[in-house]
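Asks: Numbering (this note's numbering), first residue to last: 53 to 326.
C-beta: ideal position from N, C-alpha, C; glycine also.
Structure in structure tokens, see below.
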């Protein structure tokens, strides 16, 4: 497993160094972000393979779709892509990738929310959560008002922003489930995904303010733009490490003398001879 070779502490050092390099040399940003999302996508695929439950496996495959699409998206911001495709076609392809990635992210969050509800452990949303969902949808209307006032929102960009705000609304419901879990590794992983969505929402709101009025928060927008891929990678890494620890614990369990871990080499209908 790829996750065996990734230490979260070492990843933190790499992330801090990469963020500093991003801020000092913005021209490296597309390549660093692409590498971060590529690694996150590969880890998501490994996590999906760890699940026997089809819906949970499907949710992590959807998260991998978000990661792989953004891994392809960021190189489009390079001068080479602009020279090859032209600015207009490059922007169209880039927006399409962002929109498809956000669709996969929202679908993965919805599948996770639905599956947690179906586990029968008493997870449920409260009235205050639905009120927060309403506040987010109101914030979406304000955001689109700013965008219309500024005159910079394209139709495909509007679709991507709607998906992002809907993902933020689902985050409220997932956060309630995390509280009802009482902590644990899975709750921590879900909260990293929530933080990832929240960071992208704040980044888009700051972008709208900077585009519509004065650039009052360019530094904040730039910092969020550098940090948000790493939040997603850290959440995925934590979940992948759960599988690694579980495998290590299983390896320490004494095996019966007659236990044979290797599948049969002869024809037996495809069933292993344990």
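Starting from the Cα of residue 77, find the closest Cα among 290, 291, 248 and 278 and give me that residue.
Replies: Residue 278 is the option with its Cα nearest to residue 77.
Asks: Let me know the secondary structure DSSP gives residue 181 once reduced to three states.
Replies: helix
Asks: Excluding sequence positions up to five away, which residues of its chain have a Cβ less than 7 Å from the Cβ of residue 239?
Replies: 230 and 233
Asks: Go to residue 7, then tell me how far its alpha helix (DSSP H) extends in each direction, as first and last residue.
Replies: Nothing about residue 7 can be read from this structure; the chain reaches only from 53 to 326.
Asks: Checking 8 Å against the spacing of the C-beta atoms, do residue 188 and residue 220 come in under that value?
Replies: yes
Asks: Classify residue 79: buried if its beta carbon has 16 or more other beta carbons within 10 angstroms, exposed otherwise.
Replies: exposed
Asks: Return the Cβ separation of residue 116 and residue 100 in integer angstroms, given the expectation that the two are a contact with Cβ distance under 8 Å.
Replies: Between residue 116 and residue 100, the beta carbon gap of about 7 Å places them in contact (Cβ cut-off 8 Å).
Asks: How is residue 103 classed by DSSP in three states: helix, strand or coil?
Replies: In the three-state scheme derived from DSSP, where H, G and I count as helix and E and B as strand, residue 103 is classed as coil.
Asks: Using 8 Å for Cβ pairs, my map puts residue 158 next to residue 215. What's the rounded Cβ distance?
Replies: 5 Å between Cβ atoms; contact.
Asks: Within 8 Å, do at least three Cβ pairs link the region 173–184 to the region 109–126?
Replies: no
Asks: If you draw a straight line from the alpha carbon of residue 193 to that of residue 151, how long is it in whole angstroms?
Replies: Whole-angstrom Cα-Cα distance: 19 Å.
Asks: Please determine if the region 161–170 and the region 95–112 are in contact, where contact requires at least 3 C-beta pairs separated by less than 8 Å.
Replies: yes
Asks: Quick one: using the 10 Å Cβ neighbour count with 16 as the cut-off for buried, is residue 289 buried or exposed?
Replies: By the neighbour-count criterion, in which 16 or more other beta carbons inside 10 Å mark a residue as buried, residue 289 falls on the buried side.
Asks: Residue 77 by DSSP, collapsed to three states: which one?
Replies: coil
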